[in-house]
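Quick notes on the structure that follows.
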Amino acid sequence: MSGTGTRAWLAAACLGLAACSNVPFPSDEMAGEELPRIEMAAVPFYPQEAYQCGPAALATVLGAAGVERSPEALRAAVYLPGRQGSLQVELLAATRRAGLLPYVLDPTPEALLAELRSGHPVLVLQDLGGAWGTRWHYAVVIGYDRPQGQLILRSGVTERLVENFASFDRSWARAGRWAFVALPPHHLPASATPDRLVAAAAGLERVAGAAALPAYAAVLERWPSHLTARLALGNASYWRHDLAAAEAAYRQATIDHPDAAEAWNNLAQTLHEAGRPAEALAAAEQAVRLGGPRQPLHEATRAAIAGAAAH
Amino acid sequence: MNTRISRRWLLAALTAFALLPLPARADIVTTDQLANPTAADVERAKVKAFLERANVVEKLQLFGVDSISAADRVDAMSQEEIRTLARNIDSLPAGGEFTTTEIVVIVVLAVLLLVLVL
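Sequence lines, in order, name chains G and E.
Per the working numbering, the first sequence starts with residue 2, numbered consecutively.
Per the working numbering, the second sequence starts with residue 3, numbered consecutively.
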């Protein structure tokens, strides 16, 4: 209970400081076309208990993405008793366990606003400590009011915290402007870049398996010739022994990127297993010709195919 | 006598064999390798990853997580995330932290403020 009281005092102190300086609301380049106000009122609210802002904020973004988890259930996955809090990495890991794609945003106000505009609530880390030292806190931004220069958050025990952008940004900047969105794999973040998206999808695939595949497909929809996304889909087909689908994906990759040795190597191995030694050997030789950091693997593939053909 | 010598030879041969690097195996390039282009030396990276993982599981246990949960929690992390925790789990932000000394300081300041205002 005393935590709640001090939090209120802290918030009041922050607002008081904020009134002195005036950081403008960021990025006016899109002001003409965008909505002046956005609030995702349907985002659930879980008032946090002592030290439990991590599980509460995580439950909020998971719930908004359609995965219902109570803060109590998430506590076992993200709370660290010895630190009386939750680590950023563990929030990302627990998001994967829930079958959702965690994507860490570029540390800019523009990326934050782009996600809000697309209807994605954003989990943020703040340092509310100010002059008294650090106090790390997780909250979820659910909207903004551009004319007023304000953000709207689910934070701690406050269901609808309206915060001046300047004061929010000060606490957010002290935490490295760290923020992430948790989305169903087929639903891409608005501010994402393809390479980091594919890396995020690969992280999800390791934990959630085939549930991650729609993320690669969505990347290819937006960036049709993305090499790693194409190979990732090929690999998924290969592992479930759908050699025809794997071949199609790898072949497309060699058409889009004729210099990609990995694509030729994987195509060679697939053709080899499909019982087409001549085509397999040609592809393996192309991989070896192109070389690159995985040359030992390409050479081994060629040797295996050539050896099998000799018998 | 004879069998003992041959046994010794067998042991030596086995040891030598175990120390030899495994020949590269024909395979596809996996998605993990593609998404993490820094780990070029796959075998060495695997050993390092194994050690880092064990290190982080142990640290989570030190911070009060039971051993089964700790292993499960680490398994949902990427190798890069595990590396980050292995290096500085003690100093990374833990959201929700609020120590009693901080509370005391803040309450005292708040009371002072109140007294000054009134």
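Backbone N, C-alpha and C define an ideal beta-carbon position, used for all residues, glycine too.
Strand pairing of residue i, partner residues [DSSP]
i, result
"residue 151 of chain G", "G:146 and G:165"
"residue 139 of chain G", "G:126"
"residue 181 of chain G", "G:105 and G:124"
"residue 91 of chain G", "According to DSSP, residue 91 of chain G bridges with nothing at all."
"residue 38 of chain G", "G:146"
"residue 96 of chain E", "G:88"
"residue 156 of chain G", "G:140 and G:159"
"residue 81 of chain G", "G:86"
Cβ of residue i within 9 Å of any chain G Cβ
i, result
"residue 37 of chain E", "yes"
"residue 60 of chain E", "no"
"residue 53 of chain E", "no"
"residue 120 of chain E", "no"
"residue 56 of chain E", "no"
"residue 46 of chain E", "no"
"residue 87 of chain E", "yes"
"residue 71 of chain E", "yes"
"residue 114 of chain E", "no"
"residue 49 of chain E", "no"
"residue 117 of chain E", "no"
"residue 107 of chain E", "yes"
Closer than 9 Å to chain E by CB, residue i
i, result
"residue 82 of chain G", "yes"
"residue 173 of chain G", "no"
"residue 23 of chain G", "A caution first: residue 23 of chain G carries a pLDDT of 41, below 50, which makes its placement in the model unreliable, though a value can still be read off. Not one chain E Cβ lies under 9 Å of residue 23 of chain G."
"residue 73 of chain G", "no"
"residue 229 of chain G", "yes"
"residue 184 of chain G", "no"
"residue 114 of chain G", "no"
"residue 255 of chain G", "no"
"residue 244 of chain G", "no"
"residue 267 of chain G", "yes"
"residue 47 of chain G", "no"
"residue 306 of chain G", "yes"
"residue 312 of chain G", "no"
"residue 86 of chain G", "yes"
"residue 121 of chain G", "no"
"residue 236 of chain G", "yes"
"residue 154 of chain G", "no"
"residue 187 of chain G", "no"
"residue 162 of chain G", "no"
"residue 128 of chain G", "yes"
"residue 302 of chain G", "yes"
"residue 249 of chain G", "no"
"residue 91 of chain G", "yes"
Integer-rounded CB distance, given that residue j should sit under 8 Å from residue i
i, j, result
"residue 187 of chain G", "residue 216 of chain G", "7 Å"
"residue 59 of chain G", "residue 81 of chain G", "Actually they are not in contact, since the Cβ atoms of residue 59 of chain G and residue 81 of chain G sit about 13 Å apart, beyond 8 Å."
"residue 179 of chain G", "residue 108 of chain G", "7 Å"
"residue 207 of chain G", "residue 29 of chain E", "With a Cβ gap of about 17 Å, residue 207 of chain G and residue 29 of chain E do not count as contacting."
"residue 155 of chain G", "residue 44 of chain G", "7 Å"
"residue 79 of chain G", "residue 95 of chain G", "5 Å"
"residue 133 of chain G", "residue 119 of chain E", "Not quite, the Cβ-Cβ distance comes to about 19 Å (not below 8 Å), so this is no contact."
"residue 264 of chain G", "residue 221 of chain G", "Residue 264 of chain G to residue 221 of chain G, Cβ: 14 Å. No contact."
"residue 116 of chain G", "residue 168 of chain G", "Rounded, the Cβ-Cβ distance is 20 Å, inconsistent with contact."
"residue 62 of chain E", "residue 49 of chain E", "The Cβ separation is near 21 Å, so there is no contact."
"residue 229 of chain G", "residue 37 of chain E", "6 Å"
Buried versus exposed, by CB contacts within 10 Å (16 or more), residue i
i, result
"residue 113 of chain E", "exposed"
"residue 22 of chain G", "Confidence at residue 22 of chain G is low in this model, with a pLDDT of 38, below 50, so its placement is unreliable and no value can be given for it."
"residue 1 of chain G", "Here chain G has residues from 2 to 312 only, and residue 1 of chain G is not among them."
"residue 36 of chain G", "exposed"
"residue 106 of chain G", "buried"
"residue 91 of chain G", "buried"
"residue 58 of chain E", "buried"
"residue 149 of chain G", "exposed"
"residue 256 of chain G", "exposed"
"residue 181 of chain G", "buried"
"residue 166 of chain G", "buried"
"residue 90 of chain E", "exposed"
"residue 170 of chain G", "buried"
"residue 70 of chain E", "exposed"
"residue 234 of chain G", "buried"
"residue 309 of chain G", "exposed"
"residue 242 of chain G", "exposed"
Within chain C, partners of residue i - CB distance below 7 Å
i, result
"residue 263 of chain G", "Judged by its chain identifiers, the structure shown contains no chain C, and its protein chains are G and E."
- Message: Please give the ranges of any alpha helix (DSSP H) in the region 28–74 of chain E, keeping only runs that are unbroken, at least 4 residues long and fully inside the region.
- Response: 33–37 and 44–64
- Tell me the start and end of each unbroken alpha helix (DSSP H) in the region 242–281 of chain G that is at least 4 residues and wholly inside, in chain order. 244–257 and 262–274
- Going along the chain, which unbroken runs of the alpha helix (DSSP H) with 4 or more residues stay wholly within the region 196–223 of chain G? 214–223
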